[in-house]
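Engineer:
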Amino acid sequence: MKNLSLRTRVLTGSAALVAVGAGAFGAVAAASPGDSAPQAAPAAAAAKGEVKNKDTFASDHLTIDAATKAAQAALDAAEAANQRVTVAVVDRNGNTIVTLRGDGAGPQSYESAEKKAFTAVSWNAPTSVLVGRLAQTPNLKDIPGTLFLGGGAPVQLKGAPIAGIGVAGAPSGDLDEQFAQAGVAALGK
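Residues -29 to -1, 1 to 160 (mature numbering (1 follows the signal peptide of the UniProt record, and there is no 0)) are what the sequence shown spells out, left to right.
#1: If I'm right that E82 touches V61 with Cβ under 8 Å, what's the distance once you round it to whole angstroms?
#2: Grab the span of the beta strand (DSSP E) containing T98 for me, first residue to last.
#3: Can you give me the C-alpha to C-alpha distance between T57 and A44, rounded to a whole angstrom?
#4: Mapping the DSSP letters down to three states, classify T70 as helix, strand or coil.
#5: Can you find the residues in the same chain that come closer than 7 Å, C-beta to C-beta, to A(-6), ignoring five residues on each side of it along the sequence?
#6: Helix, strand or coil, according to DSSP, for I35 in the structure here?
#7: Label A51 either buried or exposed according to how many other C-beta atoms from any shown protein chain fall within 10 Å of its C-beta, with 16 as the threshold for buried.
#8: G135 and A88 look like a contact to me (Cβ under 8 Å); what is the Cβ gap, rounded to whole Å?
#9: For the beta strand (DSSP E) that contains D62, what are its first and last residues?
#10: Which same chain residues end up closer than 8 Å to A156 when comparing Cβ atoms and leaving out the 5 residues on each side of it in sequence?
#11: Compute the distance between the beta-carbons of G122 and G103, then report whether it is under 8 Å.
#12: So the alpha helix (DSSP H) M146 belongs to, where does it begin and stop?
#13: Going by DSSP in three states, L128 sits in which element: helix, strand or coil?
#14: Taking the alpha-carbon positions, what's the L158 to N66 distance?
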């Protein structure tokens, strides 16, 4: 085989590549979607990043329309009381879905509203209730992203938190929380 010409070696190599390519094409074609070919082996599925159903769970989340409806209801309640606030709605994981900053709301209200919403959904309780827990556990306030002031309300489905609404900017946390509760109430309509 040492005496093969360059031309013979190129032709032999090309033929080998064609054979490998045809084999790969055949394997891909045999596994195309919609065919009744058997499913890939579990090891192949794992290599593609697929997991078993028993390794997952489903959770409920507000739609963007529902989050916007709740935020607007909270903002409307604040405006009816002549208060300038910001309203934030976060999902179960604490990610912001929507934030509405009312006309004339203070610059601190944006971040405060998000933190109140995050705190409410994290503990599945109004933030005014959580303020009382600080007396027993003062280091709760050190948890990043939280704000233990009245103005946050959880949104629940079957008792489980699925979102949080936070309001900030009114002269008291009680008012902020009243507006947040108006947002929660709008979802039940």
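Beta carbons: idealized from backbone N, C-alpha and C, even for Gly.
Structural biologist: Considering the structure as presented:
#1: Not a contact, Cβ separation roughly 13 Å.
#2: Counting along the chain, T98 falls outside any beta strand (DSSP E), though it belongs to the alpha helix (DSSP H) covering T98 to R104.
#3: 12 Å
#4: For T70, the three-state secondary structure derived from DSSP is strand.
#5: Note that A(-6) has pLDDT 47, beneath the 50 cutoff, so the model's placement of it is unreliable and no number is given.
#6: helix
#7: Looking at its Cβ environment, which holds fewer than 16 other Cβ atoms inside 10 Å, A51 is exposed.
#8: 4 Å
#9: T57 to D62
#10: Same-chain partners within the cutoff: A44.
#11: No.
#12: For clarity, residue 146 is Leu in the given sequence; the question names Met instead. Looking at the DSSP string, the run of the alpha helix (DSSP H) that includes L146 is G144 to L158.
#13: strand
#14: 19 Å
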